[in-house]
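J.: Protein chains in written order, with this note's numbering: chain D, 1 to 479; chain X, 1001 to 1196. C-beta atoms are modelled at their ideal positions from N, C-alpha and C, and glycine is treated no differently.
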Amino acid sequence: MAGTLAEKVWESHVVRRGEGEPDLLYIDLHLLHEVTSPQAFDGLRLTDRRVRRTDLTLATEDHNVPTTPGPITDPVSRTQVETLRRNCDEFGVTLYPMGDAEQGIVHVVGPQLGLTQPGMTIVCGDSHTSTHGAFGALAFGIGTSEVEHVLATQTLPLKPFATMAITVEGELAEGVTAKDIVLAVIAKIGTGGGQGYVLEYRGSAIRALSMEARMTVCNMSIEAGARAGMIAPDGTTFEYLRGRDHAPTGADWDAALEAWSHLRSDDDAEFDAEVVLDAASLTPFVTWGTNPGQGAPLGTAVPDPELMPDDNDKANARRALEYMGLQAGTPLRDVHVDTVFLGSCTNGRIEDLRAAAAVLEGRQVAAGVRMLVVPGSARVRLQAESEGLDRVFTAAGAEWRLAGCSMCLGMNPDQLAPGERSASTSNRNFEGRQGKGGRTHLVSPLVAAATAVRGTLSSPSDLSDPSDPTPAPGSEETS
Amino acid sequence: MEAFTAHTGIGVPLRRSNVDTDQIIPAVYLKRVTRTGFEDGLFAAWRADETFVLNDPSFSAGSVLVAGPDFGTGSSREHAVWALMNYGFRVVISSRFADIFRGNSGKQGLLTAQCSQDDVELLWKLLENDPGTSVTVDLGSRTITAGDVVASFEVDEYTRWRLLEGLDDISLTLRHEGDITAFEAERPRWRPTVTA
Chain D
1 MAGTLAEKVW ESHVVRRGEG EPDLLYIDLH LLHEVTSPQA FDGLRLTDRR VRRTDLTLAT
61 EDHNVPTTPG PITDPVSRTQ VETLRRNCDE FGVTLYPMGD AEQGIVHVVG PQLGLTQPGM
121 TIVCGDSHTS THGAFGALAF GIGTSEVEHV LATQTLPLKP FATMAITVEG ELAEGVTAKD
181 IVLAVIAKIG TGGGQGYVLE YRGSAIRALS MEARMTVCNM SIEAGARAGM IAPDGTTFEY
241 LRGRDHAPTG ADWDAALEAW SHLRSDDDAE FDAEVVLDAA SLTPFVTWGT NPGQGAPLGT
301 AVPDPELMPD DNDKANARRA LEYMGLQAGT PLRDVHVDTV FLGSCTNGRI EDLRAAAAVL
361 EGRQVAAGVR MLVVPGSARV RLQAESEGLD RVFTAAGAEW RLAGCSMCLG MNPDQLAPGE
421 RSASTSNRNF EGRQGKGGRT HLVSPLVAAA TAVRGTLSSP SDLSDPSDPT PAPGSEETS
Chain X
1001 MEAFTAHTGI GVPLRRSNVD TDQIIPAVYL KRVTRTGFED GLFAAWRADE TFVLNDPSFS
1061 AGSVLVAGPD FGTGSSREHA VWALMNYGFR VVISSRFADI FRGNSGKQGL LTAQCSQDDV
1121 ELLWKLLEND PGTSVTVDLG SRTITAGDVV ASFEVDEYTR WRLLEGLDDI SLTLRHEGDI
1181 TAFEAERPRW RPTVTA
């Protein structure tokens, strides 16, 4: 029978299938971090259970860690990190702690080590686990009870997900990136549009993306309400994996490659839903509201809630504009920001840093704007430094930080003050997400860098030549 | 897990859609390493506003939350479920729940009752016109009763069975440990391990 990519990965992991019961699914890789695991380990202790497969379990410290040198000063954060260390020690789980060369955001660490591979099932107590779907893995976020379940059994009882094809054909215009694709997808289908689905991104525009860019797309699947996002593995995937620490070698590589080459949706596979986007029509996209579906092309204005046909959307938009301190009709390019955040599991990879650095080279962050550049992992940081990107950022007036989740969520010292406005390459613009009262506009790394230079939401095409002091004319994007 | 058959308690109308888990409990409250005490973080930003529904004494002892569509979107934090339960909620009624939140609720014994938006609107009107009204949610018959409103709700059949019986998922899975071991023996040898 013809199947979709998601169905094929699912079927190959069914341990047990019973009438009227969820399937019992085997989990190939379980990633842990300090926030959603302590109560799960506690559960194991209370029931005298062990971790079934420590060799398929990996922990890192990311959410609470400060991105400036020195220890965690908040005692509650410190307790949480110390609890993870004690738990990993007691149960024999590998941990990459702060200061370790392999530490970083859990969704950056897995792929860079080559642990994330096509056709795997991957879970983590973190909704952005969908990131790993970029490799053709079925990867999804779980709650703490499920973390405990996977620790104890290496399986999860689950009902099959529905499948949705997101087809993006054509070529992206210059300055339009993976982030703009996924923000446009979410704006199109809404924050609940993907509910119950695994999204499979396909089409020529997706195939043309690098692995880093594919991870950005899959990362934000959860913001459309989807459980997971996937992209069929291809030559780009295999080249990324070849030679990584945990990638197969020799005869194992050949066997793996043979298995991976079958991992794609059959031509006659039926999806439960399908959405089509024209890549050429996309322009840099930013959010104006308080959920990731409230976004619009940068060349447009803050929308008018009163013109929205749906009462629910209208009420939501009214509230969002009030919280964001925005007036309907204001061109998005006129919106001033106080802070620019470049980083997170969405856009904290080397390619993201390179793209932003290319914009900032020879330019300065605008007066009164602070820019934080936070690599997604210690490895990304070292790589960036070996390429001199850190010097580009600091010369432009940005802050070069240590790896962690940082300002993506208000859990560590990097936070917005009440009323402060940011352009952020992270994934959520919820009320208070980056700090109580903080106002977030989600953007791509290119838009983040250009915004830092101009102080208002901007794309690189808005910038004048670094050697020319006259301002650039407005961009021609209008749609 | 405690069995859940039916619950009667004060209904709380939360006239908001897209209530994401950062609103249910902001990240700054996620630092505890226990499953208790999270009630202080429940809707923390909204509770600072004195007009917020839970600040109305008629609703402060509420245990049945009636919310707009797309409740529990965003982060996978189970702390959102703990915060609701620590505060005293036993049921959330909405016309649409985010997947991970609904799954987490089912594991903890918080009932997510999905009914039509029309029924949610009727419940909102009733609870706002007569604050302190009790709502009864019967899992056996899948009905919500409040004043003259009677509505049916949906809940996943397997979750319903587990809630009614009060069964723990891990024990259920471990009944099939032999199947897991057999599956492991057949896994491709080139699949990665963290330790190799």
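According to DSSP, what are the bridge partners of X/ASP1138?
T.: Residue 1138 of chain X sits at position 138 when you count from the first residue of the second sequence. According to DSSP, X/ASP1138 bridges with X/ALA1006 and X/THR1143.
J.: Compare the Cα-Cα distances from D/LEU32 to each of D/GLY194, D/ILE72, D/TYR96 and D/ALA6 and report the closest residue.
T.: On the first sequence, residue 32 of chain D is found 32 positions in, with the first residue counted as 1. Out of D/GLY194, D/ILE72, D/TYR96 and D/ALA6, D/TYR96 has the C-alpha closest to the C-alpha of D/LEU32.
J.: State yes or no: is the C-beta of D/VAL9 within less than 8 Å of the C-beta of D/GLY119?
T.: In the first sequence, residue 9 of chain D corresponds to position 9, counting from 1. In the first sequence, residue 119 of chain D corresponds to position 119, counting from 1. Annotated as proximal: D/VAL9 and D/GLY119, with beta-carbon spacing under 8 Å.
J.: Is it true that the segment 445–453 of chain D meets the segment 1127–1134 of chain X, where meeting means three or more beta-carbon pairs spaced less than 8 Å apart?
T.: Per the Cβ contact rule, the segment 445–453 of chain D is not in contact with the segment 1127–1134 of chain X (fewer than 3 Cβ pairs under 8 Å).
J.: Beta-carbon of X/GLU1128 versus every beta-carbon of chain D: anything under 8 Å?
T.: Sequence index remark: in the second sequence, residue 1128 of chain X carries index 128 (1-based). Not an interface residue.
J.: Can you list, in chain order, the residues of its chain whose CB lies under 8 Å from that of X/ASP952, leaving out five sequence neighbours each side?
T.: Outside the displayed span of chain X (1001 to 1196) sits residue 952 of chain X, for which this structure offers no information.
J.: Nearest-angstrom Cα distance between X/TYR1158 and D/GLU21?
T.: In the second sequence, the residue the question calls residue 1158 of chain X occupies position 158. In the first sequence, the residue the question calls residue 21 of chain D occupies position 21. The alpha-carbon atoms of X/TYR1158 and D/GLU21 are separated by roughly 6 Å.
J.: Going straight from the alpha carbon of D/ASN64 to that of D/PRO71, what length do you get?
T.: For the purposes of this step, residue 64 of chain D is taken as residue 64 along the first sequence, with counting starting at 1. For the purposes of this step, residue 71 of chain D is taken as residue 71 along the first sequence, with counting starting at 1. For D/ASN64 and D/PRO71, the distance between alpha carbons rounds to 11 Å.
J.: Going by Cα to Cα distance, which pick from D/HIS128, D/ALA187 and D/ASP310 is closest to D/MET230?
T.: Along the first sequence, one-based indexing puts residue 230 of chain D at 230. Taking only the C-alpha atoms, the option nearest D/MET230 is D/HIS128.
J.: One question on the structure: do D/ALA247 and D/GLY114 come within less than 8 Å of each other, judged by their Cβ atoms?
T.: Taking the first sequence and counting its residues from 1, one reaches residue 247 of chain D at position 247. Taking the first sequence and counting its residues from 1, one reaches residue 114 of chain D at position 114. Yes, these two residues count as a Cβ contact at 8 Å.
J.: If we cut at 8 Å on Cβ distances, does D/PRO22 have a partner in chain X?
T.: Locating residue 22 of chain D in the first sequence gives position 22, where the first residue counts as 1. D/PRO22 counts as touching chain X.
J.: Per DSSP, which residues does D/PRO297 bridge with? Please list them.
T.: Here the question's residue 297 of chain D lines up with position 297 in the first sequence. Paired residue(s): D/PHE285.
J.: To the nearest angstrom, how far is it from the Cα of D/TYR323 to the Cα of D/ASN291?
T.: Counted from its first residue, the first sequence places residue 323 of chain D at position 323. Counted from its first residue, the first sequence places residue 291 of chain D at position 291. Cα-Cα distance, rounded: 12 Å.
J.: Does the separation of the CB atoms of D/GLU61 and D/VAL76 fall below 8 Å?
T.: Residue numbering aside, residue 61 of chain D sits at position 61 when the first sequence is read from its first letter. Residue numbering aside, residue 76 of chain D sits at position 76 when the first sequence is read from its first letter. Taking 8 Å as the Cβ cut-off, D/GLU61 and D/VAL76 do not qualify as a contacting pair.
J.: Report the residue ranges of all alpha helix (DSSP H) runs contained in full by the segment 373–439 of chain D; include only those spanning at least 4 residues, in chain order.
T.: Every alpha helix (DSSP H) stretch that sits fully inside the segment 373–439 of chain D and reaches 4 residues is listed by chain position as 378–386 and 389–396.
J.: If the criterion is Cβ atoms closer than 8 Å, does the pair D/ALA315 and D/GLY289 meet it?
T.: Position 315 of the first sequence, counting from 1, holds the residue named residue 315 of chain D. Position 289 of the first sequence, counting from 1, holds the residue named residue 289 of chain D. Not in contact: D/ALA315 and D/GLY289 (Cβ atoms no closer than 8 Å).
J.: Helix, strand or coil: how does DSSP classify D/GLY474 here?
T.: Residue 474 of chain D sits at position 474 when you count from the first residue of the first sequence. Residue placement at D/GLY474 cannot be trusted, given a pLDDT of 47 that sits under 50; what the coordinates show is reported in the next sentence. Looking at D/GLY474 - three-state DSSP - the assignment turns out to be coil, as it is neither helix nor strand.
J.: Given a cut-off of 8 Å, decide if X/MET1085 and X/LEU1110 are closer than it, judged by their beta-carbon atoms.
T.: Within the second sequence, residue 1110 of chain X is the residue found at index 110, counting from 1. Within the second sequence, residue 1085 of chain X is the residue found at index 85, counting from 1. Their beta carbons are under 8 Å apart, which means X/LEU1110 touches X/MET1085 by this criterion.
J.: Check each candidate in X/TRP1082, X/GLY1103 and X/ASP1070 and name the one with the smallest Cα separation from X/SER1116.
T.: Here residue 1116 of chain X is taken as the residue at index 116 of the second sequence, counted from 1. Per the Cα distances, X/ASP1070.
J.: To which residues of the same chain is D/GLU169 closer than 7 Å at the C-beta, ignoring the five residues directly before and after it?
T.: For the purposes of this step, residue 169 of chain D is taken as the residue at position 169 of the first sequence. If we look at D/GLU169 and ignore the five residues flanking it on each side, its Cβ neighbours are GLY203, SER204, ALA205, ASP278 and ALA279.
J.: Give me the Cα-Cα distance between D/ASP390 and D/GLN364, rounded to the nearest whole angstrom.
T.: The residue you call residue 390 of chain D lines up with position 390 of the first sequence. The residue you call residue 364 of chain D lines up with position 364 of the first sequence. Their Cα atoms are separated by approximately 14 Å.
J.: Among D/ARG49, D/ARG227 and D/VAL123, which one has its Cα closest to the Cα of D/LEU58?
T.: Translated into positions along the first sequence, residue 58 of chain D becomes position 58. Of the listed residues, the one whose Cα sits closest to D/LEU58 is D/VAL123.
J.: In angstroms, rounded to a whole number, what distance separates the CA positions of D/GLY190 and D/ALA152?
T.: The count along the first sequence starts at 1 and reaches residue 190 of chain D at position 190. The count along the first sequence starts at 1 and reaches residue 152 of chain D at position 152. Cα to Cα, D/GLY190 sits roughly 36 Å from D/ALA152.
J.: Once the 5 residues before and after D/ARG381 are set aside, which same chain residues still bring their CB inside 6 Å of it?
T.: Position 381 of the first sequence holds residue 381 of chain D. PRO375 and ALA403, listed in sequence order.
J.: Check whether chain X comes within 8 Å of D/GLU476, counting only Cβ atoms and requiring the distance to be less than that.
T.: Translated into positions along the first sequence, residue 476 of chain D becomes position 476. With a pLDDT of only 44 at D/GLU476, under the threshold of 50, the placement of this residue in the model should not be trusted, and no figure is reported.
J.: For the beta strand (DSSP E) containing D/GLN117, list its first residue and its last residue.
T.: Taking the first residue of the first sequence as 1, we reach residue 117 of chain D at position 117. Element bounds for D/GLN117: n/a, residue is neither H nor E.
J.: Quick check on the burial criterion: 16 or more other C-beta atoms within 10 angstroms. Buried or exposed for X/ASN1129?
T.: Residue numbering aside, residue 1129 of chain X sits at position 129 when the second sequence is read from its first letter. X/ASN1129 comes out exposed.
J.: Using only the alpha-carbon positions, how far apart do D/VAL147 and D/VAL275 sit?
T.: Position 147 of the first sequence, counted from the start, is the residue given in the question as residue 147 of chain D. Position 275 of the first sequence, counted from the start, is the residue given in the question as residue 275 of chain D. If you take the alpha carbons of D/VAL147 and D/VAL275, they lie about 32 Å apart.
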